[in-house]
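Student:
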Amino acid sequence: MGRQRRDARGRIARGTAINRAVLRQARLDAGLTLKEAADGIVTSQALHQFEQGQARPMPETLEALAERLGVSVYALQARPKDPRELVMRDLETERRWDDLERLATATLDDLNVTPRTQAVARFYLGRAVLEAGPIEGLSIMRLARGQLARVGEHLMAAEARDWESGALYLLQDPAAVDVGRDALLRYRSLPGRDPSVEARMLEHIGSYLLQREEVREALTFYRQAIAVAGAVPDFARLANLHHGLACCYSRIGETRQALDYFERAVNLAKVHHDMHGTFAFNLARLENDYGELLVRVGQWDRAEDMVRTALDRFAAAGAEAGRTHALLTMGDLKRQQGELVEAERWTGDAIELAEGRREMKSLATGYQQLGEVWADRGDQDRFEACFTRALEILAAVGLPEQRSEALQRYARVRQEKREPRCGS
């Protein structure tokens, strides 16, 4: 063995502290074996020791490895975390979005932060605004994902990709499923992954599939999420998973199981909300979906209480995403109760909100529902116009299955009211 290298003071040089997981992942991303990555720089054994944390590379060795692997030296270095990162993580967990947005913005405005901390702050800024403003959140998450990848934070970059899919879901973009699957694939390829994060990604994909009415596959993903999360996931995760299962069973006509899962989900979500003072947005979505099923089974008084509570929670959370569905549910309830003026008002409000937010699937649903109101009021022309508009929207956004269902809905209402057939 050659002579040990010493620093300017004559001490044995210990090399540069590195993030060994990032080094290994960079090599795997480059498609290189230990021998190929080390060739001409160090021995394969030495590189293996770097990846295992058993040795540190000298600065010039690290530079050569970084160049070969196509990453920056900075990305490979071990760095102390900015204490603000931990605060931002806690604020996200507590869903204190206003406080998180302020801290993330202040961190990004700090010219002295490291590129890594800047990337992390951008990720949390995206989380802070995503639920209330999914368009802005999507843009921020895309930028954060690129920054996180450049500084070697691949796990967090995969999470950013997952939240991109979440924003697309809130915007009712069918691409949410493919983006969510891509995020899960990226995350599963990385060492050191967290089962709770993987479970959340699986749950998200289940929700996206459910939005596309791919119910059986959605059930599979929800069940995988429960298995990955472990025996005792937190109340919020349990509530979300029971919510998803309830929606699946409702779609396939197993009403009793759906009601049972909804009841469990609401109770779990309320426990979490009472303990932590958070979860208002998800609880509101849950209460509306439960209310929608209660409308269908004729429990109108309880349904109205549930949906009004959901609307209050959406307002308190400052969240427009999801509110359209609650307005539609209330409009449907009022129509079934025979209160047609109120039904027109609620449904009209939903259409206006959906149009402003470009929620095209909800917009089409709103026009179908409004068409039913006009049919009940005996206005054939407006009935025809509403369903024609709904069919145009669904064709324009490429949702053939939903368009087919809209045609069936139209035919059913027309038959009940004995109206002339609408053009398809």
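This note's numbering numbers the first residue of the sequence shown as 19 and each following residue consecutively. Don't be surprised by glycine CBs; every beta carbon is placed ideally from N, CA and C. Quick caveat: nothing in here was measured; it's all calculated off a predicted structure.
#1: In angstroms with no decimal places, state the Cα-to-Cα distance between Glu-154 and Lys-379.
#2: Identify every run of the beta strand (DSSP E) within the region 132 to 208, keeping only runs that are complete inside it and at least 3 residues long; order them along the chain.
#3: Answer with buried or exposed for Arg-29, where buried requires no fewer than 16 other C-beta atoms within 10 angstroms of its C-beta.
#4: Can you tell me the Cα-Cα spacing of Ile-244 and Asn-258, whole angstroms?
#5: Near Ala-26, what residues of its chain come up, given a Cβ to Cβ distance below 6 Å and the 5 sequence neighbours on each side ignored?
#6: Given this structure, state the Cα-to-Cα distance separating Arg-23 from His-290, to the nearest angstrom.
#7: Within 8 Å, do at least three Cβ pairs link the region 77 to 95 to the region 203 to 217?
#8: On the DSSP bridge assignment, give the partners of Ile-36 in chain order.
#9: Nearest to Gly-198 by alpha carbon, out of His-66, Ile-411, Arg-218?
#10: Report back the beta-carbon spacing between Cys-266 and Val-315 to the nearest angstrom; my notes put them in contact at under 8 Å.
#11: Beta-carbon separation of Ala-44 and Ala-56 under 8 Å?
#12: Whole alpha helix (DSSP H) runs in the region 57 to 98 with 4 or more residues, listed along the chain?
#13: Are Val-431 and Glu-370 touching if we call contact CB-CB under 8 Å?
#14: If you drop the 5 nearest sequence neighbours on each side, which residues of the same chain put their C-beta closer than 8 Å to that of Gly-441?
#15: List the endpoints of the continuous alpha helix (DSSP H) containing Ala-337.
#16: If you reduce the DSSP assignment to three classes, tell me which class Gly-374 lands in.
#17: Near Met-293, which residues of its chain fall below 8 Å by C-beta distance, leaving aside the five closest residues on each side in sequence?
#18: Indicate the three-state DSSP secondary structure (helix, strand or coil) for Val-325 in the structure shown.
#19: Does the region 297 to 304 come into contact with the region 321 to 339, if we say contact requires no fewer than three beta-carbon pairs (one atom in each stretch) closer than 8 Å?
#20: Report yes if the CB atom of Leu-202 is closer than 8 Å to the CB atom of Ala-193, and no otherwise.
#21: Terminal residues of the continuous alpha helix (DSSP H) containing Leu-412?
#22: Under 8 Å by Cβ, that's how I've got Ala-368 and Asn-306 pegged, so tell me the actual separation to the nearest angstrom.
#23: Restricting to Cα atoms, I'd like to know which of Arg-86, Thr-125, Glu-85 is closest to Arg-104.
#24: Distance, Cα to Cα, Arg-439 vs Ala-429?
#25: Would you check if there are 3 or more beta carbon pairs closer than 8 Å linking the region 125 to 144 to the region 171 to 191?
#26: With 16 as the cutoff for other CB atoms within 10 Å, does Arg-274 come out buried or exposed?
#27: Residue range of the alpha helix (DSSP H) that Ile-270 falls in?
#28: By DSSP, does Gln-317 sit in helix, in strand, or in coil?
#29: What do you reckon, are the CB atoms on Val-195 and Tyr-226 nearer than 8 Å?
#30: In three-state terms, what does DSSP make of Arg-430?
#31: DSSP state of Gln-387, grouped into three classes?
#32: Measuring only the C-alpha atoms, how far is Leu-381 from Asp-399?
#33: Buried or exposed: Ala-321, going by 16 or more other Cβ atoms within 10 Å of its Cβ?
#34: For Leu-358, which of helix, strand or coil comes out of DSSP?
#35: Locate the alpha helix (DSSP H) running through Thr-238, then write down its first and last residues.
#36: Return the CA-CA distance between Ala-167 and Ala-84, expressed in angstroms with no decimal places.
Tutor: Per the coordinate set shown:
#1: Sequence index remark: in the sequence shown, residue 154 carries index 136 (1-based). Sequence index remark: in the sequence shown, residue 379 carries index 361 (1-based). Going from the Cα of Glu-154 to the Cα of Lys-379 covers about 20 Å.
#2: Those beta strand (DSSP E) runs which fall completely within the region 132 to 208 and span 3+ residues do not exist here.
#3: Position 11 of the sequence shown, counted from the start, is the residue given in the question as residue 29. Residue placement at Arg-29 is poorly supported in this model, since its pLDDT is 41, which falls under 50; the coordinates still yield a value, given next. The residue in question, Arg-29, is exposed, as its Cβ has fewer than 16 Cβ neighbours within 10 Å.
#4: By one-based count along the sequence shown, residue 244 stands at place 226. By one-based count along the sequence shown, residue 258 stands at place 240. Each residue's CA atom was taken as its position, placing Ile-244 and Asn-258 some 10 Å apart.
#5: In the sequence shown, counting from the first residue as 1, residue 26 sits at position 8. Only weak support is given to the placement of Ala-26: the predicted model assigns it a pLDDT of 45, under 50, and the question is left unresolved by the model.
#6: Position 5 of the sequence shown, counted from the start, is the residue given in the question as residue 23. Position 272 of the sequence shown, counted from the start, is the residue given in the question as residue 290. At Arg-23 the pLDDT is 48, less than 50, meaning the model places this residue with poor confidence; the figure from the coordinates comes in the next sentence. Spanning the two alpha carbons is a distance of roughly 57 Å.
#7: The answer is no - the region 77 to 95 does not touch the region 203 to 217, with fewer than three Cβ pairs under 8 Å.
#8: The residue given as residue 36 occupies position 18 in the sequence shown. Per DSSP, Gln-95.
#9: Numbered from its first residue, the sequence shown carries residue 198 at position 180. Of the listed residues, the one whose Cα sits closest to Gly-198 is Arg-218.
#10: Against the sequence shown, residue 266 aligns to sequence position 248. Against the sequence shown, residue 315 aligns to sequence position 297. That pair is no contact at about 17 Å.
#11: As a first step, residue 44 must be located in the sequence shown, where it is residue number 26. As a first step, residue 56 must be located in the sequence shown, where it is residue number 38. No, they are not a contact pair.
#12: Fully enclosed alpha helix (DSSP H) runs of 4 or longer: 62 to 70, 77 to 87, 91 to 94.
#13: Residue numbering aside, residue 431 sits at position 413 when the sequence shown is read from its first letter. Residue numbering aside, residue 370 sits at position 352 when the sequence shown is read from its first letter. No.
#14: In the sequence shown, counting from the first residue as 1, residue 441 sits at position 423. Confidence in Gly-441 is poor, its pLDDT being 49 and thus under 50, which makes the residue's placement too unreliable to answer from.
#15: Here the question's residue 337 lines up with position 319 in the sequence shown. Per DSSP, Ala-337 belongs to no alpha helix (DSSP H) and is neither H nor E.
#16: Residue numbering aside, residue 374 sits at position 356 when the sequence shown is read from its first letter. DSSP places Gly-374 in helix when its eight states are reduced to three.
#17: Stepping through the sequence shown from its first residue, residue 293 is reached at position 275. Taking C-beta separations shorter than 8 Å and ignoring five residues to either side along the sequence, the partners of Met-293 in its chain run Phe-253, following chain order.
#18: The residue given as residue 325 occupies position 307 in the sequence shown. Correct three-state label for Val-325: helix.
#19: Enough Cβ pairs lie closer than 8 Å, so yes.
#20: Along the sequence shown, one-based indexing puts residue 202 at 184. Along the sequence shown, one-based indexing puts residue 193 at 175. Going by C-beta atoms, Leu-202 is not nearer than 8 Å to Ala-193.
#21: Translated into the one-based positions of the sequence shown, residue 412 becomes position 394. Start and end: 398 to 414.
#22: Mapped onto the sequence shown, residue 368 falls at position 350. Mapped onto the sequence shown, residue 306 falls at position 288. A Cβ-Cβ distance of about 12 Å is found for the pair Ala-368 and Asn-306, leaving them out of contact under the 8 Å criterion.
#23: The count along the sequence shown starts at 1 and reaches residue 104 at position 86. A small correction: the amino acid at residue 104 is Leu; Arg does not occupy that position in the sequence shown. With distances taken between Cα atoms, Leu-104 lies closest to Thr-125.
#24: Looking up residue 439 in the sequence shown gives position 421. Looking up residue 429 in the sequence shown gives position 411. Since pLDDT at Arg-439 reaches only 49, below the 50 mark, its modelled position is unreliable, and the value read off the structure follows with that caveat. Their backbone Cα atoms lie some 7 Å apart in a straight line.
#25: Contact holds: three or more Cβ-Cβ distances are below 8 Å.
#26: Within the sequence shown, the letter at position 256 stands for residue 274. It counts as exposed.
#27: The residue labelled residue 270 in the question sits at position 252 within the sequence shown. Counted as a single uninterrupted DSSP element, the stretch harbouring Ile-270 is not any alpha helix (DSSP H), since DSSP gives it neither H nor E.
#28: Here residue 317 refers to the residue found at position 299 when the sequence shown is read from its first residue. Look at Gln-317 here: in three-state DSSP terms it is coil, with no helix or strand label.
#29: Sequence index remark: in the sequence shown, residue 195 carries index 177 (1-based). Sequence index remark: in the sequence shown, residue 226 carries index 208 (1-based). A contact, by the Cβ cut-off of 8 Å.
#30: Here residue 430 refers to the residue found at position 412 of the sequence shown. Residue state for Arg-430 is assigned as helix, using DSSP reduced to three classes.
#31: Along the sequence shown, read from residue 1 onward, the residue named residue 387 stands at position 369. Helix, per DSSP.
#32: On the sequence shown, position 363 is the one that residue 381 refers to. On the sequence shown, position 381 is the one that residue 399 refers to. In this model, Leu-381 and Asp-399 are separated by some 19 Å (Cα to Cα).
#33: Residue mapping note: residue 321 aligns to position 303 of the sequence shown, counting from 1. Result: buried.
#34: If you number the sequence shown from 1, residue 358 lands on position 340. Residue state, collapsed to three classes: helix.
#35: The residue given as residue 238 occupies position 220 in the sequence shown. Counted as a single uninterrupted DSSP element, the alpha helix (DSSP H) harbouring Thr-238 occupies residues 233 to 247.
#36: Along the sequence shown, read from residue 1 onward, the residue named residue 167 stands at position 149. Along the sequence shown, read from residue 1 onward, the residue named residue 84 stands at position 66. Rounded to the nearest angstrom, the two C-alpha atoms are 14 Å apart.
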